[in-house]
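Residue numbers for the sequence shown follow the working numbering, beginning at 1 and rising by one.
Using N, Cα and C, we set each Cβ at its ideal position, and we do this for glycine too.
A quick note: this is a predicted structure, and the numbers were derived from the prediction, not measured.
A short write-up of the structure that comes next.
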Amino acid sequence: MTNLFSPNTTSHNDWEVLKDLQWHCTKCELKSGQAKTWQVWRQEKGIQLDKDEKGNWFKRQMCHTCNFTTIHRKLKSLEILDETKSRSGVSQYLARKIKMLFKNEEAFLLRPISSNQLEVDHKFPQARWGGDEIENKPTMSEAEIREKFILLTRSNNLLKSRYCEKCVETGKRGVFPGIYFWHQGDENWQGDKHDEKGCIGCFWYDPYKWREELNIIVNK
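Have a look at this one:
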């Protein structure tokens, strides 16, 4: 199978490493450590990633090269699933609709910025999904959009991914930098790994609700 990615890119390098269909370390062999990258591979590119015994899209194991226990990734097959590629992700039409609804406001700092600098992000992080999501229909209502998505810049989207991945690994929920507040629960993750309710109360799940609840306390 020909490499799908442009030469001299992170994904091009990682494909070359993974095409032997073996588990590879994200610390010393693969260049991308972000869960979002692998989500794009599966949902937008139709690339088949393998799962571990627990159904995760990764495996934590000892790497005999760097001698650390790290997250490993593996291709299940070199075949591209065109059906998955065509039906997954957020269409350009829906992305424009979401950005218009939020008036191009970035959720981290509540600032309106250029549309091309914003990414549509799922409130419930991909790192906790139990499988592929259902189709995001262009006819989604405003309420459905607000329940499922926020807008972030690329850098803040990656920051969220790091917090969420750390939460999956350690059971400690993320914070707005320097403010240790959760409007529901505390820093400890509650419930099943794939239960979206465990995210409620965290800034990164719903920055708007988080600020609303914090202001109630501040203004008492």
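- Task: Find the nearest neighbour of aspartate 206 within the set Arg111, Gly46 and His183, judged by alpha-carbon distance.
- Result: Looking up residue 206 in the sequence shown gives position 206. Comparing Cα positions, the closest option is His183.
- Out of curiosity, what's the CA-to-CA distance linking leucine 4 and serine 32? Stepping through the sequence shown from its first residue, residue 4 is reached at position 4. Stepping through the sequence shown from its first residue, residue 32 is reached at position 32. Cα-Cα distance, rounded: 16 angstroms.
- Task: Go through its chain and collect everything with a Cβ distance to serine 86's Cβ below 7 angstroms, but skip five positions before and after it.
- Result: Taking the sequence shown and counting its residues from 1, the one referred to as residue 86 is at position 86. The pLDDT assigned to serine 86 is 45, lower than 50, so where the model puts this residue is not dependable; a value taken from the coordinates is nonetheless given after this. For serine 86, where only same-chain residues beyond five positions count, there are no Cβ hits under 7 angstroms.
- Where does the unbroken beta strand (DSSP E) through threonine 153 begin, and where does it stop? In the sequence shown, the residue the question calls residue 153 occupies position 153. Segment 149-153, the beta strand (DSSP E) holding threonine 153.
- State the Cα-Cα distance for the pair tryptophan 189 and serine 114, rounded to the nearest angstrom. Counting from 1 along the sequence shown, the entry for residue 189 is found at position 189. Counting from 1 along the sequence shown, the entry for residue 114 is found at position 114. Going from the Cα of tryptophan 189 to the Cα of serine 114 covers about 35 angstroms.
- Hey, is the region 10-25 in contact with the region 64-82, meaning 3+ C-beta pairs nearer than 8 angstroms? Short answer: they touch.
- Item | DSSP-derived helix/strand/coil call for aspartate 50 | Working through the sequence shown from its first residue, we reach residue 50 at position 50. Three-state result, aspartate 50: coil.
- When the cut-off is 8 angstroms and only beta carbons count, does serine 6 lie next to chain C? Absent here is chain C; the protein component of the structure consists of one chain.
- Message: Whole angstroms are fine: how far does the CA of leucine 18 sit from the CA of lysine 54?
- Response: In the sequence shown, the residue the question calls residue 54 occupies position 54. In the sequence shown, the residue the question calls residue 18 occupies position 18. Taking the straight line from one Cα to the other gives about 21 angstroms.
- Quick one: measure Cβ to Cβ for leucine 21 and lysine 74, integer angstroms, because I've assumed they're closer than 8 angstroms. Taking the first residue of the sequence shown as 1, we reach residue 21 at position 21. Taking the first residue of the sequence shown as 1, we reach residue 74 at position 74. Yes, they are in contact, since the Cβ atoms of leucine 21 and lysine 74 sit about 7 angstroms apart, within 8 angstroms.
- lysine 209 to glycine 89 span [Cα, whole Å]: Looking up residue 209 in the sequence shown gives position 209. Looking up residue 89 in the sequence shown gives position 89. For lysine 209 and glycine 89, the gap between their C-alpha atoms comes out near 25 angstroms.
- Own chain, CB closer than 6 angstroms to cysteine 164, minus 5 neighbours either side, in chain order: On the sequence shown, residue 164 is found 164 positions in, with the first residue counted as 1. Counting only Cβ-Cβ distances below 6 angstroms, and skipping sequence neighbours, we find Pro125 and Ala127.
- Task: Starting from the Cα of phenylalanine 203, find the closest Cα among Glu144, Ile98, Leu159 and Asp195 and give me that residue.
- Result: Residue numbering aside, residue 203 sits at position 203 when the sequence shown is read from its first letter. The candidate whose alpha carbon is nearest that of phenylalanine 203 is Leu159.
- Helix, strand or coil: how does DSSP classify glutamate 144 here? Reading the sequence shown from its first residue, position 144 is the one you call residue 144. It is helical.
- Endpoints, beta strand (DSSP E) assigned at arginine 73: Counting from 1 along the sequence shown, the entry for residue 73 is found at position 73. Counting along the chain, the unbroken beta strand (DSSP E) around arginine 73 starts and ends at 69-73.
- So what's phenylalanine 109 in DSSP terms, helix, strand or just coil? Start at 1 with the first residue of the sequence shown, and residue 109 comes out as number 109. Reading the sequence as shown, one finds leucine at residue 109 and not phenylalanine. Coil.
- Message: On the DSSP bridge list, what partners appear for leucine 118?
- Response: On the sequence shown, residue 118 is found 118 positions in, with the first residue counted as 1. Beta-bridge pairing links leucine 118 to Thr153.
- Query: Just curious, the beta strand (DSSP E) that arginine 60 is in, first and last residue?
  - Reply: Working through the sequence shown from its first residue, we reach residue 60 at position 60. 59-62 is the extent of the beta strand (DSSP E) around arginine 60.
- Leaving aside the five residues before and after proline 112 along the sequence, list all residues of the same chain whose C-beta is less than 8 angstroms from its C-beta, in chain order. Locating residue 112 in the sequence shown gives position 112, counting from the first residue. Closer than 8 angstroms at the Cβ level, and outside the excluded window around proline 112, lie Lys103, Asn104, Glu105 and Glu106.
- Identify the residues that DSSP records as bridge partners of cysteine 25: which are they? Residue numbering aside, residue 25 sits at position 25 when the sequence shown is read from its first letter. Here cysteine 25 is bridged, per DSSP, to His72.
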